[in-house]
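When the letters of the sequence shown are read in order and numbered with mature numbering (1 follows the signal peptide of the UniProt record, and there is no 0), they come out as residues -22 to -1, 1 to 452. All C-beta atoms in this analysis are idealised placements derived from N, C-alpha and C, irrespective of residue type, glycine included. Everything below concerns the one structure shown next.
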Amino acid sequence: MQGAMWSLYALLCLCLWGQCSCRGRRTKRATADDVQKCSYTFMVPQQKIKGPICASTTGPEPDKERVTRIDISDVREVLSKQRREIETLQLVVDVDGNLVTEMKLLRKESRNMNSRVTQLYMQLLHEIIRKRDNSLELAQLENRVLNVTSEMLRLASRYKDLEMRFATMAGVVNNQSLLITALEEQCLKTLGRGELPASPPLVQVVPEHLPVNSRFTNEIHRHHNNRAFPRGSRMESPTASPYGINPPPPQGTLSSDGPFKDCFKVRQAGHSTSGMYLLKMEGSDRLVQAWCEHGLDNGGWTVLHRRRDGSVNFFRNWENYKKGFGNIDGEHWLGLDNIYNLGKQGDYKLLVELEDWTGKKVYAEYSSFRLEAESEGYRLRLGTYQGNAGDSLTSNNGKQFTTLDRDKDAFSGNCAHFHKGGWWYNACGQTNLNGVWYSGGIYRSKHQDGIFWAEYNGGSYSLKTVRMMIRPID
Ligand SMILES: [Ca+2]
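Shown next as structure tokens:
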């Protein structure tokens, strides 16, 4: 069946092809030699033919212009060959394109490499320069090390010399210490004393009731030995006295009247204002400034001594205590000579006014008061006591005045040295009103050198203010 179909198919194709070629020849022959009978050659399959069959009687004639299968096959072969060549050429072109791209990449990479090489070269140069600089710096450091080493050697040499000198000096000091010790022993033997003087006995009087508002402090507000006086202070020099014949102008109020015999005469003259007045005692040609207290007990009190703020140094020598020192309107000491001259004029009584750190004031009054002459060491002569402060001064009655440079007390040593003042010391006594002004009341010191009145608060309580003043006996 299938073979029959293929035979029919081939016949149809040949028939169609024959018509076309016949028609083409017929067209050409119609123009050349008019009519020429068309002949066809059919290849009849072996199957049974059921339709008309056209058969050529003359057979095909060779046509030189006719394209044969062979030609087509040749052309196709040529085309195929050319196609293969084209494909080959295309492959070659593609390969060349790849090579060009690769070349471009290689050139780019080459440029990058050149740039990188240049950079590395610059880095290398920089490194070389830096190393050269480091070498210079290293050389400088080596020089400095050498210099320092040299200096160290020199200092070591000097240190060694100093050590030798120190050893020599230490030997000298040791010899001097031995010599000083021997001299001290020799001095003590010469003076007939086998040992240094002991401290005076402490005042044992201890009050039952201390002031409740006392500030318990060890602070030395203004110590006599080391305090510095401010510039412009009216503090007098240790040997100067403000109570000479021609005293300097006073700093406070000074009456133009006078001079007076004493402050009681000032009061009698009608002056009722406390302040500085000019006095001139009988038997003396010296004018003396003094503070007259008229606000206490009808006034007329001549102030001999005043402490109130520690502004004046009371650790002074004999000459100072004789002539007086300090500020009349502040802390001062009127002077032993002036006190002596005052007492010579009549019968005076003494009032001692004490104030503690609570503001409480007490007093001790003595019915009579006078001093003996300088030749007697300004010996103290007191009457009987009355008052509310307690009697701490009677133990000093009949005693000469003692200063650091004139020891007249009953103690083996110098009471002025221990109590840091000047006073009619006994051995050494119950009072020290010219001692160190301590702030706050209770003070601590190796020796009792504060301003104390033993019957009032004891020897370890330094009073805040103190005044000693005299007035004729009523
Ligand atoms: Ca003595």
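Glu87 counts as exposed, since fewer than 16 other beta carbons sit within 10 angstroms of its beta carbon. Residue side-chain check: Ser373 keeps its Cβ at 7 Å or more from all non-hydrogen atoms of ligand 1.
In this structure Tyr434 is in contact with Val340, their Cβ atoms being roughly 6 Å apart against a cut-off of 8 Å. In the DSSP annotation of this structure, the continuous segment of the alpha helix (DSSP H) that includes Trp296 starts and ends at 296 to 301. Between Gly368 and Tyr255, the alpha-carbon positions lie close to 31 Å from each other. Contact check between the stretch 291 to 298 and the stretch 262 to 273: fewer than three CB pairs, one atom from each, fall below 8 Å, which does not count as touching.
Ile448 is a Cβ neighbour of Thr280, given a cutoff of 8 Å. Just measuring C-alpha positions, the residue of Gly337, Trp335, Glu309, Glu350 sitting nearest Ile317 is Glu350. For Asp427, the distance from the CB to the nearest heavy atom of ligand 1 is not below 7 Å. Under DSSP, Gly365 takes part in a beta bridge, and its partners are Ala342. With a cutoff of 8 Å on beta-carbon distance, Ser438 and Ile420 are scored as near each other. Under the three-state reduction of DSSP, His397 is assigned to helix. Per the coordinates, the alpha-carbon of Asp315 lies some 15 Å from the alpha-carbon of Arg359. For a cut-off of 8 Å, the C-beta gap from Gly313 to Lys300 is around 6 Å, short enough to register as a contact. If you keep only unbroken beta strand (DSSP E) runs of at least 3 residues inside the stretch 253 to 277, you get 253 to 257, 266 to 271. The DSSP-derived three-state label of Tyr439 is strand. When only Cα atoms are considered, Phe144 and Ile158 end up about 20 Å apart. Taking the Cβ atoms as the reference, Leu382 lies roughly 5 Å from Ala394, within the contact range of under 8 Å.
In this structure, Thr409 lies away from Asn392, with their beta-carbon atoms at least 8 Å apart.
Beta-bridge pairing by DSSP links Leu349 to Leu358. Partner residues in the beta bridge of Ile448, as assigned by DSSP, are Thr280, Leu328.
Closer than 7 Å to some heavy atom of ligand 1: that does not describe the Cβ of Phe379. Set against 7 Å, the gap from the CB of Asn295 to the closest heavy atom of ligand 1 is not smaller.
Non-local C-beta neighbours of Phe242 in its own chain, meaning closer than 6 Å and more than five positions away in sequence, comprise Gly278, Arg449, Pro450, ordered along the chain. Chain order is used for the residues whose beta-carbon lies nearer than 5 Å to a heavy atom of ligand 1, namely Asp385, Asp387, Phe389. Within the same chain, Lys239, Asp240, Val266, Asn316, Asn319, Leu320, Lys322, Gln323 come within 8 Å of Met259 by CB-CB distance, once the 5 residues on both sides are set aside. Ranked by Cα distance from Asp325, the options Thr443, Ser345, Val151 are led by Ser345. Annotation: Leu312 is outside any alpha helix (DSSP H) and is labelled neither H nor E by DSSP.
DSSP places Thr46 outside both helix and strand once states are collapsed to three, so it counts as coil.
Judged by DSSP in its simplified three-state form, Glu80 adopts helix. In this structure, Phe396 places its C-beta atom within 8 Å of the C-beta atom of His425. Pairing Phe430 with Gly413 gives a Cβ-Cβ distance under 8 Å.
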